[in-house]
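Trainee:
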Amino acid sequence: MNARYLTITGILMLAAAIGFSACFNPRQGYAPEQPIAFSHQLHAGINEIPCGYCHVNPGEGPVSGVPSVNTCMNCHSQVKTDSPEIQKIHKSWRDGTPIKWVKVHDLPDHVQFSHTPHLNRGMDCSECHGAVNRMDVVEVTNPFNMGWCVDCHRQPQHNAPIDCVTCHY
Ligand code: HEC
Ligand code: HEC
Ligand code: HEC
Ligand code: HEC
Ligand code: HEC
1 MNARYLTITG ILMLAAAIGF SACFNPRQGY APEQPIAFSH QLHAGINEIP CGYCHVNPGE
61 GPVSGVPSVN TCMNCHSQVK TDSPEIQKIH KSWRDGTPIK WVKVHDLPDH VQFSHTPHLN
121 RGMDCSECHG AVNRMDVVEV TNPFNMGWCV DCHRQPQHNA PIDCVTCHY
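Count the sequence shown with the UniProt record's numbering and you get residues 1 to 169, in order.
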C-alpha cells in the first residue's frame, strides 16, 4: 500500500468516526421517551422534591446518577399505587430488575467530565441542564459540545483550565 492510499483511508476513517459520534452523541433538543412517564415538573417542581433527594452524586464513578427503584418506593409503596405507571415501579421492585431509563446526556468516552469541580464552585444544576423542574420529559438544553465547555471555562469569572488534558485522557 502506498502513502497516498493510507492517507485517504485515514481521512475516510476519521470522517466515519466523526459521523458515527455525531449520530450517537445526543444533542440540544434531544428528549427521549422513557419507560415510565416520570415527570420532573411534577416531582421537583410542583412537589418541590430537591434534586439531591434522587441524584445523590450525579454521574460519578461506575454508579449511574439516576435513582434506583428503591428511591421511588420510598413514596410509591403508598402514593398513587392504583396508577398503571406506578404499577410498573412495583413490578420492577418485585422482580428485582432495574428500570431501563434512557440516557439523555452522554459525552463520548474520550472526554473527562466530573460534576464535582463544577458543583464545588457553587454552580446550579440549571446552568447546564436548564429548568429541569419545569420539564415533563428531560431535554438537552445546551450544546454539550467542546465549544460550549471551553467558552465557559474561558470566561474571566470562571478562569477554569482550557489545556487539552483538562478534558481529554
Ligand atoms: C423523585 C426523583 C427525582 C428528582 C427529585 C429529580 N430527578 Fe432528575 N431524574 C430522575 C429520574 C428517574 C431520571 C431518569 C428518567 C428521566 O430522564 O426522566 C432523571 C433524570 C435526570 C436528568 C437526565 C439524566 C441523563 O440521562 O442525562 C437530569 C439532568 C436530571 N434528572 C436533573 C435533575 C434536576 C436538576 C433535578 C432538580 C431540579 C432533578 N433531576 C430532580 C429522578 C429525579
Ligand atoms: C418524595 C416522594 C416521591 C418520590 C421519591 C417519588 N415520587 Fe412519584 N410522585 C410523588 C407524588 C406526590 C406524586 C403525585 C401523586 C398525585 O398526583 O396524587 C407522584 C406521581 C408520580 C407519577 C404519576 C402517576 C400518575 O399516574 O398520576 C409517576 C409516574 C411517578 N410519580 C413516578 C415516580 C418514579 C419513577 C419515581 C422514582 C424515580 C418517583 N415517582 C419517586 C411522590 C414521589
Ligand atoms: C457544568 C455543567 C453541569 C452542571 C452544573 C451539572 N451538570 Fe449534570 N451533567 C453534565 C454533563 C456534561 C453530563 C454528561 C456526563 C457524561 O456523559 O459523562 C451530565 C450528566 C448528568 C446526569 C446523568 C448521569 C448519569 O450517570 O447518567 C444527571 C442525573 C445529572 N447530570 C444531574 C445533575 C444535577 C442534579 C446537577 C445539580 C446538582 C447537575 N447535573 C449539574 C453537566 C452538568
Ligand atoms: C457554565 C460553565 C462551565 C461549563 C459549561 C463547563 N465547565 Fe468545566 N469547569 C467550570 C469551572 C468554573 C470549573 C472549576 C475550575 C476550578 O475550580 O479551578 C470547571 C472545572 C472543570 C474540570 C476540572 C479542571 C481541573 O483540573 O481543575 C474539568 C475536567 C471540566 N471542568 C470539564 C468540563 C467539560 C468536559 C465540560 C463540557 C461538557 C465543562 N467542563 C463545562 C465551568 C464550566
Ligand atoms: C473544557 C473541556 C475541553 C477542553 C479543554 C478540550 N476539549 Fe476537546 N472535546 C471536549 C468535548 C466535550 C468533546 C466532545 C464533543 C462532541 O461530542 O461534540 C471534545 C471533542 C474533541 C475531539 C473530537 C472531535 C469531535 O468532534 O468529536 C477532538 C479531536 C478534541 N476534542 C481535541 C481537543 C484538543 C486538541 C484540545 C486542546 C487544544 C481540546 N480538545 C480541549 C471538551 C474539551
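Cβ coordinates follow ideal geometry from the N, Cα and C atoms, glycine included.
#1: Go through its chain and collect everything with a Cβ distance to H55's Cβ below 6 Å, but skip five positions before and after it.
#2: For ligand 5, is there any heavy atom lying closer than 8 Å to the beta carbon of D163?
#3: Relative to ligand 1, is the shortest distance from any of its heavy atoms to the C-beta of W93 smaller than 8 Å?
#4: Considering just the uninterrupted stretch of the alpha helix (DSSP H) at T97, what are its terminal residues?
#5: State the DSSP-derived secondary structure class of V150, mapped to helix, strand or coil.
#6: Report the rounded CA-to-CA distance for P50 versus H110, giving the unit in angstroms.
#7: In angstroms, rounded to a whole number, what distance separates the CA positions of P35 and Q112?
#8: How about H110: is its Cβ closer than 8 Å to a heavy atom in ligand 5?
#9: Assuming Q28 and P143 are in contact, meaning their beta carbons sit under 8 Å apart, how far apart are those beta carbons, in whole angstroms?
#10: Looking at C-beta atoms only, is the number of pairs between the stretch 153-160 and the stretch 131-141 that lie closer than 8 Å three or more?
#11: In the DSSP assignment, what are the bridge partners of H90?
#12: Just to check my reading of the structure: V102 and A44 have Cβ atoms closer than 8 Å, yes? What is that Cβ distance to the nearest angstrom?
Mentor: Walking through what the data contain:
#1: In the sequence shown, counting from the first residue as 1, residue 55 sits at position 55. Residues of the same chain with a CB within less than 6 Å of the CB of H55, apart from the 5 flanking positions on each side, are G65 in chain order.
#2: Sequence index remark: in the sequence shown, residue 163 carries index 163 (1-based). It does: the Cβ of D163 is within 8 Å (strictly closer) of some heavy atom of ligand 5.
#3: Your numbering for residue 93 matches position 93 in the sequence shown. It does not: the Cβ of W93 is nowhere closer than 8 Å to a heavy atom of ligand 1.
#4: Walking along the sequence shown from the start, residue 97 turns up at place 97. Looking at the DSSP string, T97 is not in any alpha helix (DSSP H), and its letter there is neither H nor E.
#5: Residue mapping note: residue 150 aligns to position 150 of the sequence shown, counting from 1. The answer is helix: DSSP assigns V150 an H, G or I state.
#6: Stepping through the sequence shown from its first residue, residue 50 is reached at position 50. Stepping through the sequence shown from its first residue, residue 110 is reached at position 110. Those two C-alpha atoms are separated by around 32 Å.
#7: Taking the first residue of the sequence shown as 1, we reach residue 35 at position 35. Taking the first residue of the sequence shown as 1, we reach residue 112 at position 112. Looking at the two C-alpha atoms, the distance is approximately 29 Å.
#8: Residue mapping note: residue 110 aligns to position 110 of the sequence shown, counting from 1. Flag set: Cβ of H110 near ligand 5.
#9: In the sequence shown, the residue the question calls residue 28 occupies position 28. In the sequence shown, the residue the question calls residue 143 occupies position 143. Correct: roughly 5 Å between the Cβ atoms.
#10: no
#11: Within the sequence shown, the letter at position 90 stands for residue 90. By DSSP's assignment, H90 forms no beta bridge with any residue.
#12: The sequence position of residue 102 within the sequence shown is 102, counting from 1. The sequence position of residue 44 within the sequence shown is 44, counting from 1. Not confirmed; about 19 Å, so no contact.
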